[in-house]
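Chemist:
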Amino acid sequence: MATHVTTIRRTMEFAVPAALLAGWWFLGQLGVHSFYFPPLREIWASFQQTWLFARVGSDVVPTLSAIALGYAASVVVGIAVGVLLGLLPRVNEFLTPLFDFFRALPSSAAVPILIVLLGVGMSMKIAVVMFSALWTIILNTSDAVGSVDPVARETSLSYHLRPFDRLMRVVLPSASPQIVAGMRVALNQSIILVIISEIIVSSSGIGYFIENAQWTFDITGMWSGLLLIGVIGFALTKLFQLVERRVLAWHRGLHRKAQL
Amino acid sequence: MIRTDEASYLAAAPEPTARPGVWTRSHALRRTTLVLFALCCWQVGALVIHNDVFPTVPAFLTAAGQDIPTPQLWQSVGATLAGWSLGLLAAVVIAVPAGLLIGLSTTLDVATRISISFLQAIPSIVLLPLTVLVLGATLQMKVVLVAIAATWPLLMHAIYGVREVDHVAKETAQSYHLGRRLRALFLYLPSAGAFVATGLRISATIGLMVCIAAEVLSSTPGIGEQILLRGSNGADPASAFVYFVAAALLGMTISVVFRRIERAALFWHPGQRNRQGA
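Residue numbers (the numbering used here), protein chains in the order written: chain Z, 44 to 303; chain H, 21 to 298.
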């Protein structure tokens with residue numbers, strides 16, 4: 044009985060979104076659509092024409108590489124600064140409100156200024172991503188490194204582990220769940236900020252394509268770009284979850300044991 | 021049944037451990053030192069970069085002295101706040117009841133799972149060209165965009181809040197035969213309320229980000245529009261910085277206020293009690 048219910052639910056999990064898409068498709072076929080909300084069939088045709096794979100090299104690659112580079116830079120710098128701060132509690136306590144301030148400010152407000160400072164191009168996009176993603180990673184890392192279990196820390200000290208070993212084997216593993224939580228938030232921000240900077244000023248990228256489609260009233264093209272960004276955002280989130288599950292497998296296992 | 025899709029919004033950030041509301045003299049002294057330290061870094065940075073765009077601290081203060089008395093600055097702040105607050109309100113009205121409903125029903129939860137995790141992955145700012153075409157560069161456009169962006173964290177947290185009601189508490193309520201009303205009041209409300217408060221804080225921050233982004237991208241009146249106007253043509257970069265700092269202070273105020281609300285909603289939580297004791 045219970046498995047029967049589970050099977051029905053499993054089916055529903057996929058059936059409902061499929062039904063929604065089918066509904067959108069058939070509404071379009073029946074003639075229910077407007078200028079701004081074109082039928083799904085046309086959007087799909089435009090999607091195939093544009094993104095499979097005509098503009099992949101010219102627009103998708105610049106966007107994805109800006110996200111990847113900006114995100115990678117934020118993660119590397121953020122973890123390095125965060126670890127350093129976490130190991131220096133007094134400095135950390137002093138500087139945390141400043142990083143908190145930068146995290147709380149709406150990063151979109153910085154985009155026009157960064158554009159004027161750095162011009163149009165990859166370095167600007169990377170700076171924009173870092174300006175929004177860095178602070179969360181720094182704060183999560185410094186907080187996690189600062190609150191490593193005192194017993195573990197003192198044990199490693201009394202066993203005279205070398206500082207490097209202590210960092211790699213005790214501090215970083217115990218801080219990793221919280222660091223990863225910060226990285227997850229930062230990934231979302233990276234995607235958003237790259238798109239914003241591309242819409243404001245750029246000569247390539249998916250954001251640029253969407254903005255261009257708006258100006259030329261290519262509504263179906265605009266929707267296809269929207270769909271693509273949805274797919275990319277969804278795929279990156281799923282990818283992150285996969286990596287997280289792999290990297291933090293020990294953490295989950297430990298927690299399950301603790302709960303038993 | 022723990023699902024990890026919504027995790028992108030949960031466990032977002034460490035909370036500052038300082039006790040709110042306690043403002044000692046050494047605290048104030050440290051904050052003042054930090055502000056002075058930040059200003060020194062700014063000045064050194066400006067002198068090193070040395071271009072027309074990045075103002076030195078004195079240039080910035082002069083521009084601030086000129087801009088702060090003008091009605092333009094306050095009108096921009098007001099326009100941004102209007103779009104942000106109305107959008108956030110709309111999101112609360114839509115997302116909280118919907119989230120509670122989905123959280124209470126396993127069937128609804130399963131049925132909406134994939135659609136929600138797909139939709140929330142779309143950065144709402146990509147809807148801007150569409151909303152501008154349909155609604156124009158207006159307040160309504162900002163409200164719609166902020167509402168869409170702010171809906172997802174609230175929805176996720178409302179769903180989560182209902183579903184994550186403590187098992188022991190649930191069984192205790194069952195064995196005491198608490199009626200529907202009492203269970204709603206003492207079982208679901210505290211848990212869901214705390215989660216919704218966290219969602220509200222995240223939504224408020226994202227909402228402000230999106231509101232200013234919409235102003236920058238579509239030249240709708242507000243702080244974002246002014247930053248773009250003053251910054252991009254190299255017209256008056258120091259003044260663009262004044263507006264940028266205004267946006268930053270707005271963001272910080274919103275973050276502080278909503279963190280207080282969150283703390284108040286979490287009054288019953290053991291972790292919160294420990295934190296206050298520490």
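Positions of the beta carbon are idealized from the N, C-alpha and C atoms, including for glycine.
Between the region 192 to 224 of chain Z and chain H, which residues of the former have a C-beta closer than 8 angstroms to a C-beta of the latter?
Modeler: Gln221 and Ala224
Chemist: Is proline 78 of chain H near the ligand HEM - that is, is its Cβ less than 7 angstroms away from at least one heavy atom of it?
Modeler: Ligands in the displayed structure: none, and consequently the ligand HEM is not present.
Chemist: Rounded to the nearest angstrom, what separates serine 240 of chain Z and leucine 148 of chain H at their Cα positions?
Modeler: Locating residue 240 of chain Z in the first sequence gives position 197, counting from the first residue. Locating residue 148 of chain H in the second sequence gives position 128, counting from the first residue. Taking the straight line joining both Cα atoms gives about 13 angstroms.
Chemist: In the region 74 to 88 of chain H, which residues sit with their C-beta less than 8 angstroms from some C-beta in chain Z, listed in chain order?
Modeler: Phe74
Chemist: In the structure shown, what three-state DSSP assignment does glycine 123 of chain H receive?
Modeler: Indexing the second sequence from 1 puts residue 123 of chain H at position 103. Helix at glycine 123 of chain H.
Chemist: Give the residues from the region 152 to 164 of chain Z that approach chain H closer than 8 angstroms (Cβ to any Cβ), ordered along the chain.
Modeler: Ala152, Ala153, Val154, Pro155, Ile156, Ile158, Val159 and Leu160
Chemist: Isoleucine 238 of chain Z touches chain H at which residues, Cβ-Cβ below 7 angstroms?
Modeler: Taking the first residue of the first sequence as position 1, residue 238 of chain Z is located at position 195. Going along chain H in sequence order, the residues near isoleucine 238 of chain Z (Cβ under 7 angstroms) are Pro143, Ile145 and Val146.
Chemist: Can you list, in chain order, the residues of the region 134 to 152 of chain Z whose Cβ is nearer than 9 angstroms to any Cβ on chain H?
Modeler: Listed by position, the residues of the region 134 to 152 of chain Z near chain H (Cβ gap below 9 angstroms) are Glu136, Phe137, Leu138, Thr139, Pro140, Leu141, Asp143, Phe144, Phe145, Arg146, Ala147, Leu148, Pro149, Ser150, Ser151 and Ala152.
Chemist: Using a Cβ-Cβ cutoff of less than 6 angstroms, which residues in the same chain neighbour serine 211 of chain H once the five nearest sequence positions on both sides are dropped?
Modeler: In the second sequence, residue 211 of chain H corresponds to position 191, counting from 1. Within the same chain, serine 211 of chain H has close Cβ partners Gly181 and Val185.
Chemist: Can you list, in chain order, the residues of its chain whose CB lies under 7 angstroms from that of valine 214 of chain Z, leaving out five sequence neighbours each side?
Modeler: Translated into the one-based positions of the first sequence, residue 214 of chain Z becomes position 171. So the qualifying residues of the chain are Val188 and Val191.
Chemist: Is it buried or exposed, cysteine 231 of chain H, if we count other Cβ atoms within 10 angstroms and call 16 or more buried?
Modeler: Position 211 of the second sequence holds residue 231 of chain H. Buried, because 16 or more other Cβ atoms sit within 10 Å of the Cβ of cysteine 231 of chain H.
Chemist: Step through the CB atoms of chain Z and report whether any lies within less than 8 angstroms of the CB of alanine 111 of chain H.
Modeler: One-based indexing of the second sequence puts residue 111 of chain H at position 91. With 8 angstroms as the cut-off, alanine 111 of chain H does not count as an interface residue toward chain Z.
Chemist: List the residues of chain Z whose Cβ lies closer than 9 angstroms to the Cβ of phenylalanine 138 of chain H, in chain order.
Modeler: Translated into the one-based positions of the second sequence, residue 138 of chain H becomes position 118. Result: Pro60, Gly273, Val274, Gly276 and Phe277.
Chemist: Can you name the residues of chain H whose CB is closer than 9 angstroms to the CB of methionine 226 of chain Z?
Modeler: The sequence position of residue 226 of chain Z within the first sequence is 183, counting from 1. Under a criterion of Cβ atoms nearer than 9 angstroms, no residue of chain H is adjacent to methionine 226 of chain Z; the nearest Cβ is some 11 angstroms distant.
Chemist: When you compare only the Cα positions, how much space is there between isoleucine 86 of chain Z and aspartate 186 of chain Z?
Modeler: For this step, residue 86 of chain Z is matched to residue 43 along the first sequence. For this step, residue 186 of chain Z is matched to residue 143 along the first sequence. Their Cα atoms are separated by approximately 46 angstroms.
Chemist: Taking Cβ positions only, does isoleucine 169 of chain Z come closer than 8 angstroms to chain B?
Modeler: As a matter of chain content, chain B is missing from the structure shown, whose protein chains are Z and H.
Chemist: Any C-beta of chain H sitting closer than 8 angstroms to the C-beta of methionine 173 of chain Z?
Modeler: Working through the first sequence from its first residue, we reach residue 173 of chain Z at position 130. With 8 angstroms as the cut-off, methionine 173 of chain Z does not count as an interface residue toward chain H.
Chemist: In this structure, how does DSSP classify glutamate 184 of chain H when only helix, strand and coil are distinguished?
Modeler: The residue labelled residue 184 of chain H in the question sits at position 164 within the second sequence. DSSP places glutamate 184 of chain H in coil when its eight states are reduced to three.
Chemist: In the DSSP assignment, find the alpha helix (DSSP H) that holds isoleucine 299 of chain H and state where it starts and stops.
Modeler: Lying before the first or after the last residue shown, residue 299 of chain H is absent from chain H, which here runs from 21 to 298.
Chemist: Would you kindly check if the distance between the Cβ of serine 252 of chain H and the Cβ of proline 155 of chain Z is under 8 angstroms?
Modeler: Here residue 155 of chain Z refers to the residue found at position 112 of the first sequence. Here residue 252 of chain H refers to the residue found at position 232 of the second sequence. Cβ atoms of proline 155 of chain Z and serine 252 of chain H: closer than 8 angstroms.
Chemist: Between leucine 282 of chain Z and chain H, is the shortest Cβ-Cβ distance under 8 angstroms, so that the two count as touching?
Modeler: Sequence index remark: in the first sequence, residue 282 of chain Z carries index 239 (1-based). No, because no Cβ of chain H sits closer than 8 angstroms to the Cβ of leucine 282 of chain Z.
Chemist: Going by the beta-carbon positions, is the gap between valine 172 of chain Z and leucine 157 of chain Z smaller than 8 angstroms?
Modeler: Start at 1 with the first residue of the first sequence, and residue 172 of chain Z comes out as number 129. Start at 1 with the first residue of the first sequence, and residue 157 of chain Z comes out as number 114. No; because the gap between Cβ atoms is not below 8 angstroms, this pair is not in contact.
Chemist: Kindly list the residues whose CB is nearer than 8 angstroms to the CB of threonine 24 of chain H, restricted to its own chain and excluding five residues on each side of it in sequence; keep chain order.
Modeler: As a first step, residue 24 of chain H is located in the second sequence; it is residue number 4 there, counting from the start. Per-residue confidence for threonine 24 of chain H stands at a pLDDT of 37, beneath the threshold of 50, marking its modelled position as unreliable; the derived number appears in the next sentence. For threonine 24 of chain H, where only same-chain residues beyond five positions count, there are no Cβ hits under 8 angstroms.
Chemist: Starting from arginine 212 of chain Z, trace the alpha helix (DSSP H) in both directions and tell me its first and last residue.
Modeler: Taking the first sequence and counting its residues from 1, one reaches residue 212 of chain Z at position 169. Looking at the DSSP string, arginine 212 of chain Z is not in any alpha helix (DSSP H), and its letter there is neither H nor E.
Chemist: Could you give the DSSP three-state label for glycine 276 of chain Z: helix, strand or coil?
Modeler: As a working mapping, residue 276 of chain Z is identified with position 233 in the first sequence. Residue state, collapsed to three classes: helix.
Chemist: For glycine 156 of chain H and glutamate 235 of chain H, I'd like the C-alpha separation in whole angstroms.
Modeler: Start at 1 with the first residue of the second sequence, and residue 156 of chain H comes out as number 136. Start at 1 with the first residue of the second sequence, and residue 235 of chain H comes out as number 215. Approximately 12 angstroms between the Cα atoms of the pair.
Chemist: Tell me which residue opens and which closes the alpha helix (DSSP H) that leucine 270 of chain H is part of.
Modeler: As a first step, residue 270 of chain H must be located in the second sequence, where it is residue number 250. Counting along the chain, the alpha helix (DSSP H) containing leucine 270 of chain H begins and ends at 257 to 285.
Chemist: Identify, in the order they occur along the chain, each residue of the same chain with its Cβ nearer than 6 angstroms to the Cβ of tryptophan 266 of chain Z, setting aside the five sequence neighbours on each side.
Modeler: What you label residue 266 of chain Z is simply residue 223 of the first sequence in a count that begins at 1. If we look at tryptophan 266 of chain Z and ignore the five residues flanking it on each side, its Cβ neighbours are Ile86.
Chemist: Report yes if the C-beta distance between leucine 150 of chain H and tyrosine 79 of chain Z is below 8 angstroms; otherwise report no.
Modeler: Residue 150 of chain H sits at position 130 when you count from the first residue of the second sequence. Residue 79 of chain Z sits at position 36 when you count from the first residue of the first sequence. For leucine 150 of chain H and tyrosine 79 of chain Z, yes; Cβs fall inside 8 angstroms.
Chemist: For a cutoff of 8 angstroms on Cβ pairs, would you count serine 135 of chain H as touching chain Z?
Modeler: In the second sequence, counting from the first residue as 1, residue 135 of chain H sits at position 115. Interface residue, yes.
Chemist: So serine 223 of chain H and leucine 108 of chain H are in contact, right, with Cβ under 8 angstroms, and what is the actual spacing, rounded?
Modeler: Translated into the one-based positions of the second sequence, residue 223 of chain H becomes position 203. Translated into the one-based positions of the second sequence, residue 108 of chain H becomes position 88. That belief holds up - the Cβ atoms of serine 223 of chain H and leucine 108 of chain H are roughly 6 angstroms apart, short of 8 angstroms.
Chemist: Can you tell me whether valine 262 of chain H is buried or exposed? The criterion is at least 16 other CB atoms within 10 Å of its CB, across all chains shown.
Modeler: On the second sequence, position 242 is the one that residue 262 of chain H refers to. Burial call: buried.
Chemist: Looking at the structure shown, is alanine 116 of chain Z part of a helix, part of a strand, or coil, going by DSSP?
Modeler: Along the first sequence, one-based indexing puts residue 116 of chain Z at 73. The answer is helix: DSSP assigns alanine 116 of chain Z an H, G or I state.
Chemist: Let's test the definition: count the other Cβ atoms within 10 Å of the Cβ of tryptophan 288 of chain H and tell me whether it reaches 16, buried, or not, exposed.
Modeler: Position 268 of the second sequence holds residue 288 of chain H. Sixteen is the threshold: since fewer than 16 other Cβ atoms of the shown chains lie within 10 Å of the Cβ of tryptophan 288 of chain H, the residue is exposed.
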